[in-house]
Amino acid sequence: MTTETTTLPEPLRLRTPPGVYEPQHDTRLLADALRREGIRPGADVLDVGTGSGALALEAARLGARVTAVDISWRAVLTTRFNAWLSRQQVSVRHGDLTAAVRDRAFDLVISNPPYVPSPERRPPRGAARAWDAGQDGRALLDRVCAEAPEVLRPSGALLLVHSGLCGVEDTLARLGDAGLSAVVTDRTSIPFGPVLLSRLAWLRQSGLSAADLREELVVIRATKE
Ligand SMILES: C[S@@+](CC[C@H](N)C(=O)[O-])C[C@H]1O[C@@H](n2cnc3c(N)ncnc32)[C@H](O)[C@@H]1O
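If you read the sequence shown in our numbering, its first letter stands for residue 74, the second for the next number, and so on.
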């Protein structure tokens with residue numbers, strides 16, 4: 074089995090075996106926002122859709138008490154291995170979004186969920202489960218907006234990253250409806266990657282493709298009163 078090694082940022086060393094999402098622009102944008110949070114030692118942090126564990130391990134490195142969840146067993150095992158490799162403590166649970174932690178409350182919830190619009194009507198299988206999220210890209214995002222507030226402590230915050238292709242205003246509205254105060258804290262423009270390029274004709278038909286073949290990534294920070 075081939076593996077790739079990513080350093081993100083020093084001194085975390087992560088293994089990302091095939092089938093596990095390799096940390097990318099979105100991971101790094103959210104990691105930057107996470108570092109700005111000024112996490113206090115022992116704060117309870119939940120990473121929803123942890124993949125390789127990149128964000129969970131960064132939170133642990135900042136002194137948080139971290140729980141990470143993923144629906145992919147491969148991701149769960151990879152994050153456990155990466156925690157051991159980086160000598161960080163993370164409790165890694167298998168589960169569907171917050172289902173495995175409904176009885177818990179967290180100071181901070183972080184999530185880089187699947188958000189790529191896909192022409193496929195059936196639920197994604199295999200590696201695509203890490204990025205494909207239905208025709209509007211919101212299959213997981215809408216659920217995160219609904220579930221995250223339920224596991225946040227009062228004064229807790231949600232940090233969420235996604236593409237502008239799936240509707241920033243929609244996310245802000247849904248978080249507002251769920252009782253959180255939400256704002257966009259970070260924006261960056263990146264070129265379309267291989268997945269978006271491979272479905273360009275469909276994106277154009279759906280009115281989602283910009284002429285410059287770039288997408289905007291945003292970080293949304295939402296707080297609970
Ligand atoms: C875009 S990747 C992000 C991985 C990592 N957090 C990062 O930023 O590099 C999304 C992750 O969400 C996981 N995922 C997809 N659907 C999920 C669900 N219903 N519940 C929990 N995790 C899910 C995928 O397996 C994948 O690891």
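Backbone N, C-alpha and C fix where the C-beta goes; we use that ideal spot for every residue, glycine too.
Taking the Cα positions, residue 139 is about 6 Å away from residue 129.
Placement of the Cβ of residue 106 at a distance of 7 Å or more from every heavy atom of ligand 1 is found. A residue is called buried once 16 or more other Cβ atoms fall within 10 Å of its Cβ, and residue 204 is buried on that count.
A straight line joining the alpha-carbon of residue 241 with that of residue 290 spans about 10 Å. For residue 222, the secondary structure class from DSSP, reduced to helix, strand or coil, is helix. As summarised for the stretch 190-274, the continuous alpha helix (DSSP H) elements at least 4 residues long and confined to that stretch are 214-220, 241-250 and 267-271, given in chain order. In the DSSP assignment, residue 138 falls within the beta strand (DSSP E) that extends over 138-143. Cβ-Cβ distances below 8 Å link residue 116 to 136, 137, 138, 180 and 181 in the same chain, with the five nearest sequence neighbours on each side left out; the list follows chain order. The Cβ atoms of residue 234 and residue 294 lie no closer than 8 Å to each other. Counting along the chain, the unbroken alpha helix (DSSP H) around residue 149 starts and ends at 146-158.
Looking at the backbone, the Cα of residue 126 and that of residue 269 are separated by about 24 Å. Residue 110 carries a coil assignment under DSSP once its states are collapsed to helix, strand and coil. Here residue 227 has 297 and 298 as same chain residues with Cβ atoms under 8 Å from its own Cβ, once five neighbours each way along the sequence are excluded.
Counting C-beta pairs with one atom in each stretch, the stretch 200-219 and the stretch 152-168 have fewer than three that are closer than 8 Å, which means they do not touch. For residue 131, the uninterrupted alpha helix (DSSP H) run begins and ends at 127-134, by DSSP.
Here residue 133 is buried. Its C-beta has 16 or more other C-beta atoms within 10 Å.
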